[in-house]
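These notes concern the structure reproduced below.
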Amino acid sequence: MPEILLLDDDPLQLKLLSRTLHGLGYTDPIACDSAEAALQALSAPHQAIGLILLDLNMPGVDGVAFLKLLSERRFDAAVVLVSGEDERLIESAARFGASQNIRMLGAISKPVLPAELKTVLEHWQKPTAAPAPPKQYPADQIARAILENELVPHFQPIVNLVTGALAGAETLVRWQHPSDGLVMPGQFIAVAEERGLIRDITRLMIRAAVTQGRVWRDQGLHVFVAVNVSMGDLTRADFADFVLDALERSGLPPDDLVLEASEQRVAQDPDTALAAISRLRMRRITMAIDNFGIGSSSLAQLRDIPFNAVKVDGSFVHGAGGSAVLGAIVNSSIDLARQLGMRTVAEGVEDSTDWVWLRSSGCEMAQGWFIGAPMAASELAAWLTAWEKRRRRLFDA
Ligand code: C2E
Ligand code: CA
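Heads up, the sequence shown is in my numbering, so the first residue is 36 and it goes up one at a time.
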């Protein structure tokens with residue numbers, strides 16, 4: 036088994052951690068009270084150090100400086116931060132380590148609890164194969180897919196957090212590729228945006244969404260449909276007319292359509308986007324600011340653009356129950372949106388902890404794998420039957 040190295044300037048901490056590791060069945064670690072001693076141990080011939088438990092706050096070479104040294108000298112041990120510092124400081128140190136290509140396994144706060152240490156160590160021993168970056172498709176293949184009708188909508192349910200009722204569905208494009216199977220938007224949307232193909236994709240999805248919304252309505256299912264739009268769409272003079280025409284043809288009322296614009300994309304040309312958004316709003320279409328909190332100018336967007344719904348980004352929502360920082364960000368985003376009279380949707384509700392926390396946050400609606408993954412329209416009825424059963428359990432609890 037690879038060895039464990041402890042680096043902490045406090046001899047008492049070294050002793051305590053060694054004892055805890057021993058109690059968990061690990062062989063005695065190499066204990067170092069300075070970065071110099073640790074580097075010496077790491078440089079020793081035939082060393083087999085696979086994990087470093089690193090104190091952040093040390094005199095001389097501190098934990099962050101030590102991470103830099105580790106990466107410069109290409110030691111490949113994984114690192115767990117052990118610290119009494121505040122959560123944000125630890126998180127930023129962990130991010131720094133990851134940016135230096137160090138395998139950061141997590142952070143534990145002092146005093147170290149054996150159970151916490153055990154979880155981290157189990158994580159260490161699991162082999163982690165870095166997932167290969169998903170293949171990106173070239174523009175000519177995307178253009179062909181559009182012509183061949185290979186782009187299909189999937190729908191992800193959005194539920195009301197107070198009642199649990201299905202409130203709406205977000206349309207997410209998928210590429211039913213003839214040989215590669217189902218291709219995700221992350222593999223072609225960026226190229227489509229750069230190469231002028233997004234307009235066609237957005238139009239396909241808007242048509243598909245309003246048509247589907249109408250079908251659901253005719254079946255007695257009153258839900259809104261949301262569609263993602265790109266900056267390139269909002270800055271085209273004929274966009275608002277296209278949307279209104281599609282709505283009219285489908286017979287879906289404008290209140291049942293939500294357009295989600297990501298603030299990163301809006302920020303590039305706010306003035307033109309402003310005109311389109313204002314027109315659509317005047318026609319009672321809901322305009323949502325997507326991935327709220329990501330990017331640098333979220334508050335400026337709220338000030339300048341008449342959005343009337345906010346989708347709080349999943350990267351803040353997932354884990355908000357266990358992190359004071361994320362919790363504060365989500366709560367204040369929701370508060371802000373509510374004060375402005377906007378609808379609130381939290382994305383990225385991945386597990387029951389997210390769900391339970393969010394229910395007490397005052398957010399209006401939720402979306403995420405815990406509730407339901409994106410699915411073909413034909414699968415929604417079966418999902419709804421299963422959800423109604425779960426809903427009773429979740430809301431009794
Ligand atoms: P987005 O608008 O932020 O969409 C949410 C993404 O989060 C979707 O990924 C969804 O499948 C995923 N997701 C759902 N639940 C969870 C969860 O619990 N946890 C996590 N981590 N993720 C969850 P997807 O479908 O791969 O879409 C990625 C992005 O591609 C979208 O992000 C959106 O920006 C873009 N996109 C998708 N469809 C369209 C489209 O028709 N037009 C445009 N312009 N962009 C689109
Ligand atoms: Ca979205």
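Heads up, the beta-carbon is just placed ideally off N, CA and C, and yes, glycines get one too.
- Distances from the CB of E228 to the heavy atoms of ligand 2 are all 7 angstroms or more.
- Secondary structure at T388: helix, using DSSP grouped into helix, strand and coil.
- Taking 8 angstroms as the cut-off, the Cβ atoms of M322 and N195 do not count as close.
- By the CB criterion at 8 angstroms, I320 and L361 fall outside the cutoff.
- Per the CB criterion, closer than 5 angstroms to any heavy atom of ligand 2, the qualifying residues run in chain order as N263, E295, D325.
- Assignment of beta strand (DSSP E) within the stretch 281-367, counting only whole runs of 3 or more residues, yields 292-297, 321-327, 344-347 in chain order.
- Between E382 and G354, the gap from beta carbon to beta carbon reaches 8 angstroms or more.
- Non-local beta-carbon contacts of Q222 in its own chain, meaning distances under 7 angstroms to residues more than five positions away in sequence, involve P169, K170, Q171, Y172 in chain order.
- Taking a contact as a CB-CB distance under 8 angstroms, the pair D291 and G255 does not count as one, their CB atoms being some 14 angstroms apart.
- For W392, the closest alpha carbon among the candidates R378, L419, A363, A417 is that of A363.
- Here A113 is near W159, since their CB atoms are less than 8 angstroms apart.
- DSSP places F190 inside the beta strand (DSSP E), whose first and last residues are 186-195.
- Secondary structure note for H158: its alpha helix (DSSP H) is the uninterrupted segment 149-160.
- Proximity of the stretch 178-198 to the stretch 264-277 falls short of the contact definition, fewer than three beta-carbon pairs being nearer than 8 angstroms.
- Using a C-beta cut-off of 8 angstroms, the stretch 38-48 makes contact with the stretch 67-84, since at least three inter-stretch Cβ pairs fall below that distance.
- With a cutoff of 7 angstroms, G221 counts as near ligand 1, since its C-beta is closer than that to a heavy atom of the ligand.
- Under the three-state reduction of DSSP, H57 is assigned to helix.
- Look at I406 here: in three-state DSSP terms it is coil, with no helix or strand label.
- Collapsing the DSSP output to three states places E382 in coil.
- Less than 8 angstroms separates the beta-carbon of V115 from that of A142.
- Secondary structure at S395: coil, using DSSP grouped into helix, strand and coil.
- One thing to note: V99 has its Cβ within 8 angstroms of the Cβ of L91.
- Between ligand 1 and Q402, a heavy atom-to-CB distance of less than 7 angstroms is present.
- By the neighbour-count criterion, in which a residue is buried when 16 or more other Cβ atoms sit within 10 angstroms of its Cβ, E205 is buried.
- Secondary structure of M93 (DSSP, three-state): coil.
- Relative to Q374, the option among L287, R426, L337, R234 whose CA is nearest is L337.
- If the five residues before and after R123 are omitted, its C-beta is found closer than 6 angstroms to the C-beta atoms of V360, all from its own chain and listed in chain order.
- Non-local beta-carbon contacts of S313 in its own chain, meaning distances under 7 angstroms to residues more than five positions away in sequence, involve P341 in chain order.
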